[in-house]
Each structure stands twice: as structure tokens, then as C-alpha cells.
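*Asks:* The structure under discussion is supplied below as C-alpha cells; questions concerning it will follow.
Numbering (my numbering), first residue to last: 104 to 303.
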């Protein structure tokens, strides 16, 4: 009996080791595949899930290249707590009247639900969503799920960190390196529909 228990315990330890190796391998593969951004396609509006200023800079660049038929950028969230954010967009090249404020979002998931609600009100059917490269996979997941049952389409575009005039990926940038590691766990939470338990 004791020998059987020992054998079972050894087998269990072996399975645990295999599971841990598979988990680590999965996390590594996921880490290097966070960026699912694509080339921009002309759309009704541009959306920026607020966060890093590089997102806004990329969005304004696309706006000024006439990628948005409405010539509007939805900034989510943009409210009184955002302080001078609207002025910041103006400073980087967007006119004040091109900024549409979405004031209620508190997470990537509510970025999606609230901006889709706003798009419905405006009659917009398509959008370019500009976010940090490491954040694109979770953003795409959120917008795809939130838009189910509609005919809306979204093009996810990556905003990259800048090093001496060169765009670099998240795993090549010190600040984004830390954020991208955290992003893996947030992404897993989103796959499991744990939106309310996962930070922005």
C-alpha cells in the first residue's frame, strides 16, 4: 500500500512538473505575441483607450493623414479628472473640436463598451483603435466581444515606443517591458471573462 502511494505521489509530481513547464512555455509564447496590431484602414472614427501619450500621438498622426472620415478621435476616458488631457491632444496636433470625450470608461473592457455605445449614437460603423503594442491583443479581444451582434468593424493599430527617432517593440523598451509582463496576466483574465477583476 505504501509503495502504491509513493508511486502515485511520484507520478503526481511528474505531472505537476510537466504542467509547470507547459505553463511557462505558454506564457513565453504569449509574451512575444502580444502585438496583433495591423496597418490602418480608413474608418469612420479613431479611438484611443487612454493610457500612454504615445497612443495619442499615433492617433493624431492618423487623424492628420485623413484616416478618420469624421475627422474625430474618441478619447476614452476623457473627463474632469483627466485635467489638461484635451489640451495635450491639441498640443500634439489635434484641433479641439476633433476630440470626442468619452467620460465613463474605467478599464479596457469599458473602453470598448462605452465607445461602442457612443459610436451607435453617432451612427459610426467602423473605427481604428490605437493602443500600445503590448496592449493590442487584449484590446482586440475586448472590442470583438463588445461588438458581437453588431455590424461594427475595428482595426487595431499599434503605437510603439520611440528611441532616438526609431520605433521599438515593447520588449525592447524598459518601461514597456514591465507593463507587458503584467499584461500577460491581464490578458489571461480577459480570456476568462474576469473583466471586473482585472486592472486597466
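We treat Cβ as the ideally placed atom computed from N, Cα and C, and that holds for glycine.
Out of 147, 201, 151 and 123, which has the shortest C-alpha to C-alpha gap to residue 242?
*Replies:* Taking the first residue of the chain shown as 1, we reach residue 242 at position 139. Of the listed residues, the one whose Cα sits closest to residue 242 is 151.
*Asks:* Once you ignore the five residues that flank residue 292 on each side, which residues in its own chain have a CB closer than 8 Å to its CB?
*Replies:* Residue mapping note: residue 292 aligns to position 189 of the chain shown, counting from 1. The answer, listed in chain order, is 298, 300 and 301.
*Asks:* Exposed or buried, what is residue 108 when buried is set at 16 or more other beta-carbons lying within 10 Å of its beta-carbon?
*Replies:* Position 5 of the chain shown, counted from the start, is the residue given in the question as residue 108. It counts as exposed.
*Asks:* Indicate the three-state DSSP secondary structure (helix, strand or coil) for residue 47 in the structure shown.
*Replies:* With the chain represented from 104 up to 303, any question about residue 47 goes unanswered, as that position is not in the structure.
*Asks:* Taking the alpha carbon of residue 161 as the reference point, which residue from 270, 247, 125 and 222 has its own alpha carbon closest?
*Replies:* As a first step, residue 161 must be located in the chain shown, where it is residue number 58. Minimum Cα distance to residue 161 is reached at 270.
*Asks:* Quick check: what's the CA-CA separation for residue 110 versus residue 132?
*Replies:* The residue given as residue 110 occupies position 7 in the chain shown. The residue given as residue 132 occupies position 29 in the chain shown. Between residue 110 and residue 132, the C-alpha separation is close to 33 Å.
*Asks:* So what does DSSP say about residue 107, is it helix, strand or coil?
*Replies:* As a first step, residue 107 must be located in the chain shown, where it is residue number 4. Helix, per DSSP.
*Asks:* Runs of 4 residues minimum, wholly inside the region 128 to 204: which ones carry the alpha helix (DSSP H) assignment?
*Replies:* 156 to 167 and 188 to 194
*Asks:* Strictly by DSSP, which residues pair up with residue 261?
*Replies:* The residue labelled residue 261 in the question sits at position 158 within the chain shown. BP columns for residue 261 point to 234.
*Asks:* Among residues of its own chain, excluding the 5 on either side of residue 211, which ones have a beta-carbon nearer than 7 Å to its beta-carbon?
*Replies:* Along the chain shown, one-based indexing puts residue 211 at 108. Cβ within range, chain order: 152, 241, 242, 245 and 303.
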